[in-house]
Structure formats: structure tokens, C-alpha cells
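Accompanying notes for the structure given below.
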Amino acid sequence: MLLGCCSAAKKFLAKLGSSALVDFKDEVRIVDESGEALSVKASLLPAPLHLAPSIIGTRFISTRDKISLARVMAGIARRNPGKEQTALDYLQSLRCPRVLVERVIEPVLISALNEELHQASARYARMVLTKILMGSRNSCKLGVPKAPLMQVIEGPALRYLCKRGREVRTCARVERLNIEGDHIRSITLAGGEELAYDYYVCAVPPWSLTEMGFQTPAAEEMTWHPIISAHLFYEDGNLDFDQACVMGEPFQWVFNKSGGFGQKFNYVQTVASAADNLIGFSANEIIHLADKAVTKVAGRRKPALKRAVLYTARRATFSTTPGTDAIRPTSKTHLGNLFLAGDWTDTHWPATIESAVRSGHTAAKAVISIA
Ligand SMILES: Cc1cc2nc3c(=O)[nH]c(=O)nc-3n(C[C@H](O)[C@H](O)[C@H](O)COP(=O)(O)OP(=O)(O)OC[C@H]3O[C@@H](n4cnc5c(N)ncnc54)[C@H](O)[C@@H]3O)c2cc1C
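Numbering follows the numbering used here, in which position 129 of the sequence shown is assigned residue number 1047; successive positions increment by one, without gaps.
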């Protein structure tokens, strides 16, 4: 998913000619245990009032909580959190009622940060909330790819580079950075081939840097959270929903991809962010939880589940606990011709495609500044 506020990622897709492959939805639904939904949709009012009609008109939260929400949002806009504050501490300091945390704020933040609120840094939480809820009228839109990411990013990126005469090697694992004094002399690929360049931008995760022989404190100090995706295939029948965020379930998002990606069958993708608690569950238990989230959105009369495929990314995204900013490295390193990129570097964004794109720009600028 992409959010409307991900400006660098949107520009990146436009450059690749892929913008049309991401569908920015006008409406985002949060569904509770009874199937009641909050539909968040930008009205014609100017920001930050654009979401007010959605909130005022809903039965999802009480009138009293709506007034509290306005007060909390005003507090978020005014008050910067402390460096060591967690998102939950911050919300409590703003006297945010528990029901608002559970029904509105938590569903948004857990998937955006891949972190539980009692662990997430308040700074990241505030950034996401202000961008989504108080940004422009398009900021809160949810961009869902209409095609596999291979077709949205990788394929177009390869074509973009090759058209401009760049050499791209895929499936070429860098085994070692050959460091000589204060610079990198060359790299050695897994097959033994040695390649030398003027400058090197490493856009790999920190543990891969360690394996290549470059030490960064981030490799030791950053922690990572898993994301589990369950791909569910249902019998024929009506699955009448688009996508929704599901409150109070480990699988927070369900996307109805039936008929999409050129397929004819009922296919639903579900995603569990901050899925640490699910590691150790059996496949059947996880599939049951994913199917339960779909039932909340589609209703009990949905077709029977036929088949499921699970994908667990154990080190999916880095943890955004308080203090994370101090560990994220800048693009420049102590080696004159080595630069770092990747969502985990110091972009001030949580682990997202937006962060990855921004890190690429920063690294490119750093190279250009000395080249
Ligand atoms: C399951 C899952 C769901 C996600 N959902 C979203 C989402 O909805 N929206 C969003 O914005 N973000 C999402 N993210 C996060 C997003 O995928 C990352 O923020 C983004 O991919 C980071 O890009 P990157 O280029 O920094 O790193 P990566 O995408 O991790 O790329 C690093 C690359 O380095 C390569 N590599 C590693 N070691 C070597 C080596 N020795 N030699 C050569 N190559 C090497 C790897 O193969 C990999 O291709 C999700 C992540 C996961 C795991």
C-alpha cells in the first residue's frame, strides 16, 4: 500500500510510468467486531477540515468521542512529543480516550509503523497522524497496486535504467566489499567476479552489510518486526467488499483481489503487521485468524475457504521505538566512496517504500556532491 502523503514514492512511480497501476481509493473503511464501519473519506472542505464530515456523520464513535478526537488532533498539531515518549504515552498525555485509540488511531498506526503503540516512538506516530489526518485532501487516500509489484516497480525500473544505457545485474549477490584504507577498492560477487567502480551505493539491509565486511552499529542495535501475509482462496460466491482495516484482529488489513491480477477466482490478501505474537503459531491457527478478519468484513455468509498460502517476512521492517533516530545512519560513511541507502537509513520516515525512495535521493545527492 501507499498513502497519498507518500510524495516521493508517487513521484518515483510517475517517473517509471507506473502511476496508473496504483489505485488511490477515495474511501478507507475501519470495521469493528460487529461489522460496523467507519468510512473515512475526504470531503470538499479544505484540509484539515476535509475529514470532519466522515467523522461527524459516523455512528462508529460516540458524539463525546468525536469531540475528544477534535481536541486530541488539535493537541497533536500543537505539541511535539518527547524524544523518549512512546505513541501510547503521548496519546495518554493528550488525554486521548482509550476507545479512540482502539477504534481509530491504533488501526491506522500499527500498519503504518509495523509496531505496537506501547513500543512505537511518539515522534513517528505523530508524523503519520499529522500527514494522514491533517495533510492535504489526498494525503489520507490509500494506494493499492492493481498489479504485482514486479510489474509496478521492478520491471519498469529495469526498463528505465536499461533505456538510458545503464548496466543492471539481477541475482548477483555481493559477497564482499574489498576495503583498502579509507575507501572501497572493489566488490566481489558470489561467483568470485571482482568489479571496481568510483563510487558505491549499498542499498541492502544492515545485516547484509555486516556479511559483506562493513560494520555499522545499526546492524547490532536496530531490531526488526515480522509481517505475515495470508493469501486466501475461496469457493465461488459473492465476496462483496473492496478492502478494509479490521479493528482488534492480528490481521489488520484485508484486500479483495477477486478477479484482479487476471485471475478468475475469489482471492483475498490479508496482512498482519507487528506480527511478533503470531510467530510460533501453527499455519492452521494463522490461517484461521486471517479468515476471521475476512469474515468480519465480508460477513458470515461468505464462501468457504478453499486454500491458503502464508508468507512470513521475519525481518520485515525495522522497529520504530523511541531512540531509533539516533541509530539510523546517514548516507555518508567513514569510507570516502561508500554511501548507504535503504529505508532503514536516516530518512525520518518509518520503514516504507517512501523511506526507501527518499534514501535513494539522499545517497545520489551525496555522491554527486563529491563526484
Ligand atoms: C511483507 C511486507 C509488506 C510490506 N508492506 C509495505 C506496504 O504496504 N507499504 C510500504 O510502503 N512498505 C511496505 N513494506 C516495507 C517495504 O517493503 C520496505 O520499506 C522497502 O522494500 C525497503 O526498500 P529497500 O530498498 O530499503 O530494501 P529492500 O526492499 O529490502 O531491498 C534490499 C535489497 O538488497 C538485496 N540484497 C541483500 N543482500 C544483498 C547482497 N549481499 N548482494 C546483493 N543484493 C543484496 C535484497 O535482495 C533486496 O532486494 C513491506 C515489507 C514487507 C516485508
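Virtual Cβ for every residue (Gly too), placed ideally from N, Cα, C. Remember, predicted model here, so these are calculated numbers, not experimental data.
- The C-beta separation of lysine 928 from glutamate 945 comes to about 19 Å, leaving the pair out of contact by the 8 Å criterion.
- Its Cα nearest to that of lysine 1049, the residue Val1026 stands out among Tyr1185, Val1026 and Trp1171.
- Under the three-state reduction of DSSP, glutamine 1010 is assigned to helix.
- Arginine 1055 and glutamate 1098 have their C-alpha atoms some 52 Å from each other.
- Per DSSP, reduced to three states, the secondary structure at isoleucine 1145 is strand.
- Taken from the Cβ of aspartate 1261, at least one heavy atom of ligand 1 lies inside 7 Å.
- Straight across, the Cα-Cα distance linking glutamate 951 with proline 1168 is about 13 Å.
- Judged by DSSP in its simplified three-state form, lysine 959 adopts strand.
- Boundaries around histidine 1206 are those of the alpha helix (DSSP H), 1201-1216, since no beta strand (DSSP E) includes it.
- Asparagine 1156 sits exposed, since fewer than 16 C-beta atoms from the chains shown fall within 10 Å of its C-beta.
- If only complete runs of 3 or more residues are kept, the stretch 926-994 shows the beta strand (DSSP E) at 940-943, 945-949 and 955-959, in order along the chain.
- Judged by DSSP secondary structure, glycine 1155 falls outside any alpha helix (DSSP H); it is assigned neither H nor E.
- Contact annotation: valine 1275 and tyrosine 1117 have beta-carbon atoms that are not nearer than 8 Å.
- Under the three-pair Cβ rule at 8 Å, the stretch 1031-1051 counts as touching the stretch 1229-1240.
- Only buried fits valine 1172, as 16 or more other CB atoms lie within 10 angstroms of its CB.
- Just so you know, the alpha carbons of cysteine 923 and leucine 1009 end up roughly 22 Å apart.
- Between leucine 920 and isoleucine 1145, the C-beta gap is not smaller than 8 Å, which leaves the two residues out of contact.
- Going by DSSP, histidine 1101 is part of the beta strand (DSSP E) stretching over 1101-1107.
- Its Cα nearest to that of valine 1022, the residue Ser972 stands out among Ser972, Arg1041 and Asp1007.
- Around valine 990, the same chain offers Leu1009, Leu1012, Arg1013, Cys1014 and Leu1018 as residues with beta carbons nearer than 8 Å, after the five sequence neighbours per side are excluded.
- Closer than 7 Å to some heavy atom of ligand 1: that does not describe the Cβ of valine 1186.
- Rounded to whole angstroms, leucine 931 and proline 1247 show a C-alpha spacing of 26 Å.
- Around the CB of aspartate 1264, 16 or more other CB atoms lie within 10 Å, so the residue is classed as buried.
- Here the alpha carbon of alanine 1201 sits roughly 45 Å from the alpha carbon of arginine 996.
- For alanine 1231, the enclosing beta strand (DSSP E) covers residues 1223-1236.
- Shown here for cysteine 1163: same chain residues with a beta carbon closer than 8 Å to its own, the five before and five after excluded, namely Val946, Arg947, Ile948, Val949, Pro1025, Val1026, Ser1029, Gln1170 and Trp1171 in chain order.
- Under the three-state reduction of DSSP, proline 1063 is assigned to strand.
- Distance between glycine 1073 and alanine 1121, taken at the CA atoms: about 18 Å.
- Under the DSSP assignment, isoleucine 1097 falls in the beta strand (DSSP E) whose first and last residues are 1092-1098.
- Taking non-hydrogen atoms of ligand 1 into account, the C-beta of proline 1123 is found less than 7 Å away from one of them.
- When only Cα atoms are considered, arginine 1233 and threonine 1141 end up about 8 Å apart.
- Cβ neighbours of lysine 1224 within its own chain (closer than 7 Å, five residues either side excluded): Phe1151, Tyr1152 and Glu1153.
- Excluding residues up to 5 positions away in sequence, Pro1074 lie with their Cβ nearer than 7 Å to the Cβ of glycine 935 in the same chain.
- Of the residues Gly1131, Ala1114 and Ala1137, the one whose Cα lies closest to the Cα of tryptophan 1125 is Ala1137.
- For cysteine 1080, the uninterrupted alpha helix (DSSP H) segment begins and ends at 1073-1081.
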